Amino acid sequence: MSPTKRAYLRVCTLLLCALPVLAAEDPELIALKAAVKAAQSAGDNAWMLVSCAFVLMMTGPGLALFYSGLVRRKNVLGTMMQSFVMMAVITLLWGVCGYSLVFGEGNAFIGDFRYAFLNGVGAAPNADYAPTIPHLTFMAYQMMFAIITPALIAGAFAERVRFHAMVVFSVLWLFLVYVPIAHMVWGKGGYLNPFLGGRIPVFDFAGGTVVHITSGFSALLTAIMIGKRSGYPQERMVPHSLVLSFIGACMLWIGWFGFNAGSALGASALASSAFVATHFAAAAGAVSWMVAERIKSGKASALGAISGAVAGLATVTQGAGFVTPVSGAIIGFIAGFVCFYMVVLVKNKLGYDDSLDAFGVHGIGGFIGCLLTGVFATRAVNDALKLANGQAAPLGLVDGNPGQILNQFIGALIGIAFALVGTWIALKVTGLITPVRMDKQQEAEGMDVALHGEEGYAFED
Amino acid sequence: MSPTKRAYLRVCTLLLCALPVLAAEDPELIALKAAVKAAQSAGDNAWMLVSCAFVLMMTGPGLALFYSGLVRRKNVLGTMMQSFVMMAVITLLWGVCGYSLVFGEGNAFIGDFRYAFLNGVGAAPNADYAPTIPHLTFMAYQMMFAIITPALIAGAFAERVRFHAMVVFSVLWLFLVYVPIAHMVWGKGGYLNPFLGGRIPVFDFAGGTVVHITSGFSALLTAIMIGKRSGYPQERMVPHSLVLSFIGACMLWIGWFGFNAGSALGASALASSAFVATHFAAAAGAVSWMVAERIKSGKASALGAISGAVAGLATVTQGAGFVTPVSGAIIGFIAGFVCFYMVVLVKNKLGYDDSLDAFGVHGIGGFIGCLLTGVFATRAVNDALKLANGQAAPLGLVDGNPGQILNQFIGALIGIAFALVGTWIALKVTGLITPVRMDKQQEAEGMDVALHGEEGYAFED
Amino acid sequence: MSPTKRAYLRVCTLLLCALPVLAAEDPELIALKAAVKAAQSAGDNAWMLVSCAFVLMMTGPGLALFYSGLVRRKNVLGTMMQSFVMMAVITLLWGVCGYSLVFGEGNAFIGDFRYAFLNGVGAAPNADYAPTIPHLTFMAYQMMFAIITPALIAGAFAERVRFHAMVVFSVLWLFLVYVPIAHMVWGKGGYLNPFLGGRIPVFDFAGGTVVHITSGFSALLTAIMIGKRSGYPQERMVPHSLVLSFIGACMLWIGWFGFNAGSALGASALASSAFVATHFAAAAGAVSWMVAERIKSGKASALGAISGAVAGLATVTQGAGFVTPVSGAIIGFIAGFVCFYMVVLVKNKLGYDDSLDAFGVHGIGGFIGCLLTGVFATRAVNDALKLANGQAAPLGLVDGNPGQILNQFIGALIGIAFALVGTWIALKVTGLITPVRMDKQQEAEGMDVALHGEEGYAFED
Amino acid sequence: MFKIEAIIQPFKLEEVREALKAAGIDGVTVTEVRGHGRQKGHKEIYRGREYNVDLLPKTKLEMVVAEARKEEVIETIMMAARTGKIGDGKIFVYHVGDAIRIRNNDRGEAAL
Amino acid sequence: MFKIEAIIQPFKLEEVREALKAAGIDGVTVTEVRGHGRQKGHKEIYRGREYNVDLLPKTKLEMVVAEARKEEVIETIMMAARTGKIGDGKIFVYHVGDAIRIRNNDRGEAAL
Amino acid sequence: MFKIEAIIQPFKLEEVREALKAAGIDGVTVTEVRGHGRQKGHKEIYRGREYNVDLLPKTKLEMVVAEARKEEVIETIMMAARTGKIGDGKIFVYHVGDAIRIRNNDRGEAAL
Ligand SMILES: Nc1ncnc2c1ncn2[C@@H]1O[C@H](COP(=O)(O)OP(=O)(O)O)[C@@H](O)[C@H]1O
Ligand SMILES: Nc1ncnc2c1ncn2[C@@H]1O[C@H](COP(=O)(O)OP(=O)(O)O)[C@@H](O)[C@H]1O
Ligand SMILES: Nc1ncnc2c1ncn2[C@@H]1O[C@H](COP(=O)(O)OP(=O)(O)O)[C@@H](O)[C@H]1O
């Protein structure tokens, strides 16, 4: 998804586009070139349509299950609904103007309305972003990212927020935080976009900053502003079904291939590289979290293993298409340890109630992933950024470009700043429109009964 | 799947096929053209194989979970089995002669036996149907549709029919209803197939008529003929696990991308368009059903949200590759409201026991989707139908062709007629062979124990 | 995956590679050829990346759910973890040297370290194995096979082995059994690899011998060596949730398309053929197991149906890309009956505790599948093996080459021999490092609490 | 005070509760149980291993009532729960020493 | 010996048990139940079909204690389980004829 | 009539029921419960938050039997359920005021 791949893909198309110049006269060759273009598009589009499906699968059932297994039984449906409603509502808003505001060429901070109501988004590729696939596919793929990002935040205020408030908040948040940051990092002319004319070069292949830092730090602030679940931390609040969470985590892992490898925007070797780096990071994250648990308490747990995998995945997202698979494994290892430390030690000490650890996993993972991309990004994997002489530019520390770490740091800070300010505004405004928290009585009853009038599991036979 | 895409795909291949005429003499060019053809096929086949898998996933675990979560605990396995056994039995019958009877060029109403036992179905594409992918892929893809269609019906007579009777009925139904309708709409020379020589032009991109109208109206009749569950409606019969239904609904949503976008029969821009229209319809259906619930009873429910999404998906099926994404959203909105009205108000008033609302969602959704295709189908999306002068023919009302609504209506009526007559015969014949209903005692015990000798969830630890 | 497909794919690339020779001078043509190659790669890579994801999905959530539904409630997480930890640990080991030891060209029995730490495994295809996709994709795809194979074994010693011991055993087993057998069958110069210079030609398209025979026979030995679950067979030990197993089985079915059709290593017609043969075998296996149950006890069960499907899938694996779809159905039928007989009659008579029937399904299925490939393999499906005169060599009995059955038999025996010896060593060595069995107290408490310190389903609300 | 403990068919729960409410008996505690009496069980087979399951799902109702209402309650349950077939269930009656309402210390019959 | 049976709000379980442990009462058997008393239920709607659910999740504790400790236990539970709102629950007291420890034949109060 | 209430280890259920059947005792109601007595619990940790779980899964059997059979039933259960380790469980005995068979109005011992 990072603009890098665009450049990469352009190489492919250049091969074709350059040709007509030479032999414009031969109709047969022209037909053949068109056919080759169509064939290239078919292969890339095949992968991208699947990637769309995979990323959607991350939200539902992936994240929905992962989160809902971690809550108490009486909140299982309400938690699922927080993911599902994003699939419905954000989709429509994305079509109305979300996509346009991110990818329409506006200024350095936000797009414009040229693509509102999908106007001009059709079969022809958008050459700036993804020259080998239909513009519609690119739009749809980006949509799936916009859906999952606010859904991630909900983990921080699980089990205590009204359904309507959650929807209102998420919509506001989308426009206040996601839209500008995504435009800045990925949009044409975006302030942080090194591939399409930005000022500060931030490498974000698949959304480490755009998705994980924004959602993770927003999560932290919502957890603090909304306050703890009543009864926390004295009452026993254990995951009501780690079986659900386990299924969800596996779906997340699978879906993440679409998230990260799909961000190559075609079925290229870069996609393969990102795929492998992603997989290694997940594996390494699972291992290091398990090892940390084993050291601390003597037992590696299933919840630990899946949390570690998700931490590895979130952390490698930013660098997936810039780092080697081996670097992916290293990033995953670090992610597992650091996130474990945050979730298990720091959180419990500081005492905020980030109920499902949206901050501990996505915020922290996204943040360190952003920095580590500055360390491990290499032109051996991604040569999309060119020097004046046409050669591939050095990317990260390992390429001899230590300054990139600072760039990444600035990118992260900007992401965090937008996240905190935007979340604060969004939550305050939401509070003016509708009460945010469930009342005590509702919280005791549970979201399923109190908010949705149903139960996840029936009592009688 | 609709014959439209064939024409679409033909454009691609024409680019290639036209060439040899010009330069038959140059062996190098010939080789290059063959290579391009292979590359095009790889891209399209990649997407179509995935689509096959996605559509199968709709039946198992998709529909199996969606339905089995809605029944009482004691029927969970029996309900799953109704989907699963279709995956086994219809597959084999499809190979024996089902495929041939639909896609063999017979007369206007039914195919012939040319492809019996997959004779002649191999690596070479079938140029009439899908010129860029192996014939085997096309056959397999169509198979997945034949599997899910009878499985949908079972929702109407849930929790009360014997396993063997369900299998016998479904097999008869396949040949009495599905086979002729599918041939008429999609088969070469089929009566309703506008793209391959049919009489009345009915646009059915992915099976609105073939799958949803037939299964939905058949469902209604079975619900009436078989009668209510004992205890209905006095006894409390609530979904035993909306968690399962939720997972199933998400799988259906994902799988539907294969169903609708796969019906482009290649990874073309048409596939992308159908993909996006499908996704928007699902989202809009979920939103409008939730809004309707909120208006009527004050609470949007999880069951409502997923029902709305499925309604949107079923309704957009017929038009997916003929309408714009924005029209897709409109269709979804309408679907959510209308199906809500049918399921919540009309059904409960009329008093038949369409237990899992196969009619209310698929029958009604399919029907209005058929008509709405007549409204929204546009050559801007699909230019496969040509006028005498070679230009793309106007399709629906929005193209200035209001008469198409009538054509669609006739198509729907024919579908309904076949469904009702075929179902009546199939059910009567089944009754002659084996008792259809479980006896009272079995119904009380539940399908799992009574029919399959197992339990879905064990009692002891 | 079988080397056959390499040859197949080479045909595609030959079309391209042959060209430059003729017209090296024309830069336009060279560019066009490169573009065609890229397009071909995109299509094939799209399918292979999806296949990677599908095969991983077989382990998690597929196998994890299938197995964990069959155990008692107190072991649900522990059983899931046995699959999940393989996704983490084997992944890393595969990168370190597993891949290299299988696919590095060593001697006839084991590879070398040339690809250790993925050295030299990058964007460029490995022409020996998969000339149209990035080497990284091939490596990743093979990794998914190495992950699931030891995970399968765990079914035999379910509910009684310590987590750490399971991990240690699996790692040893990977190197002692999987690595050499995989090299022999699929590696360049492997002893049994007919396509890349082996001695004894064994046809193993997708791992009937490499995956199912090795894991199945190893499973049997572990079941015997480790001993029965305490309380077996007197105590009631029924599947705690066939719902989970059902979901898992569906995921396995879907994922198996990646396993078998992906083994064509491209989105070719061979992939389509393998896809269809696989699907038919699953369907036929389900039907024949249900029929066998119905005959024996009067009721077809859900557990029977899914077991039959898995048996059909395991059995057709070896031949998937060598046999016709109709042969696939026959193989599936046989598989359902034979595995039913083994699991239901033989096992219960002999009295070992192959708790989840890893041997009965995978060992037996793999074994008969190996032989049946010798019967049904045909050049009509797979013409990769050439005679001296360049024509396709006859493959199995149906091609008039009965001797192949003997070759397959020898292949199976070698697989069994390695499995038994390697397992014996691996288990003994594991026992020296760490206690293998849980103690009585732990077994009574269950793996979840005793080994992982958690519970799958929470007690309180 | 007496505790009336009724073990009934699960699908009779609604009907019995309606009848009790009609009789003015509101307080009740319900438990999902499995039971065996005269009713035959069924056979379950998992991959060839047979189990005779003779513990069938039942629903247990417990109501603590004043002595005066005891017989009426028993009668009401019997009428509503009866199908006349084996497996209809049993009612057991126990003497209750005391009852306390946690909310406000009410004790004895006042607490019911 | 007496059996103290307390039906409480599920989220009070921890607190009650802590209080009991503090009072030296360890032995307890806990069951998930559903109950109805004065507390109002709620409405559930599934695709337009309404159900009044007035059986709410409760937790039942059973403790068999020596007569001497009876009142103290009741008191302890009441203190810990009370929120003052409807739905707090009830305590019922039954006389126990005998108690046996399976492990070693202990009988009577020695078995508790 | 007496009610024999036995709280046993779940995995002993089959054995105890076999023994009871052999002794001619068929009628029984079984509930899944959690219990705490002398048996130590275990620690569960979820993302660093520790919980001491001292309520362990147990199975409760309830049998109402005629006075004459009381001791025999207790004996039978004890034999079958005993492993000799902590956690084997308890048996409590209660007096039963009356028993009614819903199906046919049988009352008293005739109803068992
Ligand atoms: N002696 C008993 N002690 C405890 N529970 C019993 C006893 N007899 C029957 N029950 C309970 O009552 C339920 C119904 O009993 P059953 O004998 O099947 O009914 P019926 O006598 O009307 O045929 C049983 O499933 C069991 O739960
Ligand atoms: N008469 C009764 N018999 C049996 N259980 C009862 C009775 N009355 C109340 N209960 C149980 O106690 C629980 C709480 O009772 P409730 O009347 O709601 O509390 P409160 O009296 O404090 O408002 C009920 O849900 C039910 O399980
Ligand atoms: N005083 C009691 N009141 C109610 N139930 C009890 C009591 N003591 C023990 N139990 C039940 O009996 C079970 C087994 O008791 P435990 O003390 O662990 O056995 P043992 O005394 O043989 O070691 C407990 O888990 C609990 O369910």
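Chains as they are written, first to last, in the numbering used here: chain A, -7 to 453; chain B, -7 to 453; chain C, -7 to 453; chain D, -14 to 97; chain E, -14 to 97; chain F, -14 to 97. The C-beta atom is built at its ideal place from N, Cα and C for all residues, glycine as well. Bear in mind the structure is a predicted one, so any value in this text is a computation, not a measurement.
message = Under 9 angstroms, Cβ to Cβ, is there at least one residue of chain A near Phe238 (chain B)?
response = As a working mapping, residue 238 (chain B) is identified with position 246 in the second sequence. Answer yes: the Cβ-Cβ gap between Phe238 (chain B) and chain A drops below 9 angstroms somewhere.
ask   = In chain F, which residues lie less than 7 angstroms from Asn340 (chain A) when you measure between Cβ atoms?
value = Working through the first sequence from its first residue, we reach residue 340 (chain A) at position 348. Neighbourhood of Asn340 (chain A) in chain F, by CB distance below 7 angstroms: Gly33 and Arg34, in chain order.
inquiry  = Can you check which of these residues, A:Asp391, A:Gly366, A:Asp431 and A:His175, is closest to Asn399 (chain A) by C-alpha distance?
reply    = One-based indexing of the first sequence puts residue 399 (chain A) at position 407. Here the closest residue by C-alpha is A:Gly366.
message = Ignoring anything shorter than 4 residues, give me the alpha helix (DSSP H) runs that lie fully in the region 22 to 103 of chain A, in order along the chain.
response = With a minimum length of 4 residues, the continuous alpha helix (DSSP H) runs that stay inside the region 22 to 103 of chain A are 56 to 62, 68 to 85 and 91 to 95.
inquiry  = Looking at ligand 3, does it come within less than 8 angstroms of Asp104 (chain C), judged from the CB to the closest heavy atom?
reply    = Taking the first residue of the third sequence as 1, we reach residue 104 (chain C) at position 112. Asp104 (chain C) Cβ: outside cutoff for every heavy atom of ligand 3.
query = Is Val230 (chain C) near ligand 2, going by C-beta to nearest heavy atom under 8 angstroms?
reply = The sequence position of residue 230 (chain C) within the third sequence is 238, counting from 1. It does not: the Cβ of Val230 (chain C) is nowhere closer than 8 angstroms to a heavy atom of ligand 2.
ask   = With a CB to CB cut of under 7 angstroms and the five nearest residues on each side skipped, what residues in its chain are close to His27 (chain E)?
value = In the fifth sequence, residue 27 (chain E) corresponds to position 42, counting from 1. Within the same chain, and ignoring the five residues on either side of His27 (chain E) in sequence, the residues whose Cβ sits closer than 7 angstroms to its Cβ are Val38.
request  = Check Ala116 (chain A) in the structure and name its three-state DSSP category.
outcome  = Here the question's residue 116 (chain A) lines up with position 124 in the first sequence. In this structure, DSSP gives Ala116 (chain A) a state outside helix and strand, which the three-state scheme calls coil.
query = In whole angstroms, what is the alpha-carbon distance linking Ile417 (chain B) and Cys242 (chain B)?
reply = Here residue 417 (chain B) corresponds to residue number 425 of the second sequence, with the count starting at 1. Here residue 242 (chain B) corresponds to residue number 250 of the second sequence, with the count starting at 1. Answer to the nearest angstrom: the Cα atoms are 35 angstroms apart.
inquiry  = So the candidates are C:Ala259, C:Arg152, C:Gly277 and C:Leu262; which of them puts its Cα closest to the Cα of Met217 (chain C)?
reply    = By 1-based counting over the third sequence, the position of residue 217 (chain C) is 225. For Met217 (chain C), the nearest C-alpha among the options comes from C:Arg152.
request  = Taking 8 angstroms as the threshold, find out whether the region 168 to 177 of chain C comes into contact with the region 439 to 453 of chain C through three or more Cβ pairs.
outcome  = No, they do not touch.
query = Between the Cα of Val235 (chain A) and the Cα atoms of C:Ala56, C:Phe46 and C:Val47, which residue gives the shortest distance?
reply = If you number the first sequence from 1, residue 235 (chain A) lands on position 243. The residue with the shortest Cα to Cα distance from Val235 (chain A) is C:Ala56.
ask   = Apart from the five residues on each side of it in sequence, which residues of its chain come closer than 8 angstroms, Cβ to Cβ, to Arg92 (chain D)?
value = On the fourth sequence, residue 92 (chain D) is found 107 positions in, with the first residue counted as 1. Close CB contacts of Arg92 (chain D) within its chain, under the 8 angstroms cut and outside five residues either way in sequence, are with Asp83, Ala84, Ile85 and Arg86 (chain order).
query = Using the beta-carbon count (16 or more within 10 Å), is Glu52 (chain E) buried or exposed?
reply = The residue labelled residue 52 (chain E) in the question sits at position 67 within the fifth sequence. Exposed: under 16 other Cβ atoms inside 10 Å.
ask   = Hey, how far is the Cα of Phe149 (chain A) from the Cα of Phe209 (chain A)?
value = Reading the first sequence from its first residue, position 157 is the one you call residue 149 (chain A). Reading the first sequence from its first residue, position 217 is the one you call residue 209 (chain A). In this structure, the alpha-carbon of Phe149 (chain A) lies about 13 angstroms from that of Phe209 (chain A).
query = Under three-state DSSP, which class holds Ala16 (chain B)?
reply = Sequence index remark: in the second sequence, residue 16 (chain B) carries index 24 (1-based). Note that Ala16 (chain B) scores 48 on pLDDT, short of 50, meaning its location in the model is unreliable; the coordinates nonetheless yield the value given after this. In the three-state scheme derived from DSSP, where H, G and I count as helix and E and B as strand, Ala16 (chain B) is classed as coil.
Residue interval of the alpha helix (DSSP H) (run including Pro317 (chain B)) = For the purposes of this step, residue 317 (chain B) is identified with residue 325 of the second sequence, where counting begins at 1. Its alpha helix (DSSP H) spans residues Pro317 to Phe332.
inquiry  = With three or more beta-carbon pairs closer than 8 angstroms as the criterion, would you say the region 130 to 141 of chain B touches the region 40 to 53 of chain B?
reply    = Judged by Cβ distances under 8 angstroms, the region 130 to 141 of chain B makes contact with the region 40 to 53 of chain B, as three or more pairs qualify.
request  = Grab the span of the alpha helix (DSSP H) containing Gly304 (chain B) for me, first residue to last.
outcome  = Counted from its first residue, the second sequence places residue 304 (chain B) at position 312. Ala294 to Val308 is the extent of the alpha helix (DSSP H) around Gly304 (chain B).
query = For ligand 2, any of its heavy atoms closer than 8 angstroms to the Cβ of His21 (chain E)?
reply = As a first step, residue 21 (chain E) is located in the fifth sequence; it is residue number 36 there, counting from the start. A heavy atom of ligand 2 is found nearer than 8 angstroms to the CB of His21 (chain E).
task = Using a Cβ cut-off of 8 angstroms, pull out every chain B residue sitting near Glu29 (chain E), in sequence order please.
result = Here residue 29 (chain E) corresponds to residue number 44 of the fifth sequence, with the count starting at 1. Result: Val230.
Secondary structure of Pro427 (chain C), DSSP reduced to three states = For the purposes of this step, residue 427 (chain C) is taken as the residue at position 435 of the third sequence. Pro427 (chain C) falls in the coil class under three-state DSSP.
request  = Enumerate in chain order the residues of its own chain whose CB-to-CB distance from Val81 (chain F) is below 7 angstroms, with the five nearest sequence positions on each side excluded.
outcome  = Within the sixth sequence, residue 81 (chain F) is the residue found at index 96, counting from 1. Answer for Val81 (chain F): Met(-14), Phe(-13), Lys(-12) and Val49, listed in chain order.
ask   = CA-CA distance, Leu337 (chain C) and Ile287 (chain C)?
value = The residue given as residue 337 (chain C) occupies position 345 in the third sequence. The residue given as residue 287 (chain C) occupies position 295 in the third sequence. When rounded, the distance between both Cα atoms is 14 angstroms.
query = Is it the case that the CB of Gly343 (chain B) approaches a heavy atom of ligand 1 more closely than 8 angstroms?
reply = Along the second sequence, read from residue 1 onward, the residue named residue 343 (chain B) stands at position 351. Every heavy atom of ligand 1 is 8 angstroms or more from the Cβ of Gly343 (chain B), so no.
request  = Identify every residue that forms a DSSP beta bridge with Tyr31 (chain D).
outcome  = For this step, residue 31 (chain D) is matched to residue 46 along the fourth sequence. Per DSSP, D:Arg34.
key: For Met176 (chain B), three-class secondary structure by DSSP   = Reading the second sequence from its first residue, position 184 is the one you call residue 176 (chain B). Looking at Met176 (chain B) - three-state DSSP - the assignment turns out to be helix.
message = Give me, in chain order, the residues of the same chain whose beta-carbon lies closer than 6 angstroms to that of Ala312 (chain C); leave out the 5 immediate sequence neighbours on both sides.
response = For the purposes of this step, residue 312 (chain C) is taken as the residue at position 320 of the third sequence. Correct list, in chain order: Phe197, Ala198, Asn252, Ala266, Ala269 and Thr270.
ask   = Can you name, in chain order, every residue of its own chain whose Cβ lies under 8 angstroms from the Cβ of Ala16 (chain C), other than the five neighbours on each side?
value = Reading the third sequence from its first residue, position 24 is the one you call residue 16 (chain C). Since pLDDT at Ala16 (chain C) reaches only 48, below the 50 mark, its modelled position is unreliable, and the value read off the structure follows with that caveat. So the qualifying residues of the chain are Ile22.
ask   = How would you label Glu435 (chain C), buried or exposed, when you count the other beta carbons within 10 angstroms and need 16 or more for buried?
value = As a position in the third sequence, residue 435 (chain C) is number 443, starting the count at 1. Classification for Glu435 (chain C): buried.
message = Tell me the DSSP secondary structure of Pro287 (chain B) in three-state form.
response = As a first step, residue 287 (chain B) must be located in the second sequence, where it is residue number 295. It is Ile, not Pro, that sits at residue 287 (chain B) in the sequence shown. The three-state secondary structure of Ile287 (chain B), taken from DSSP, is helix.
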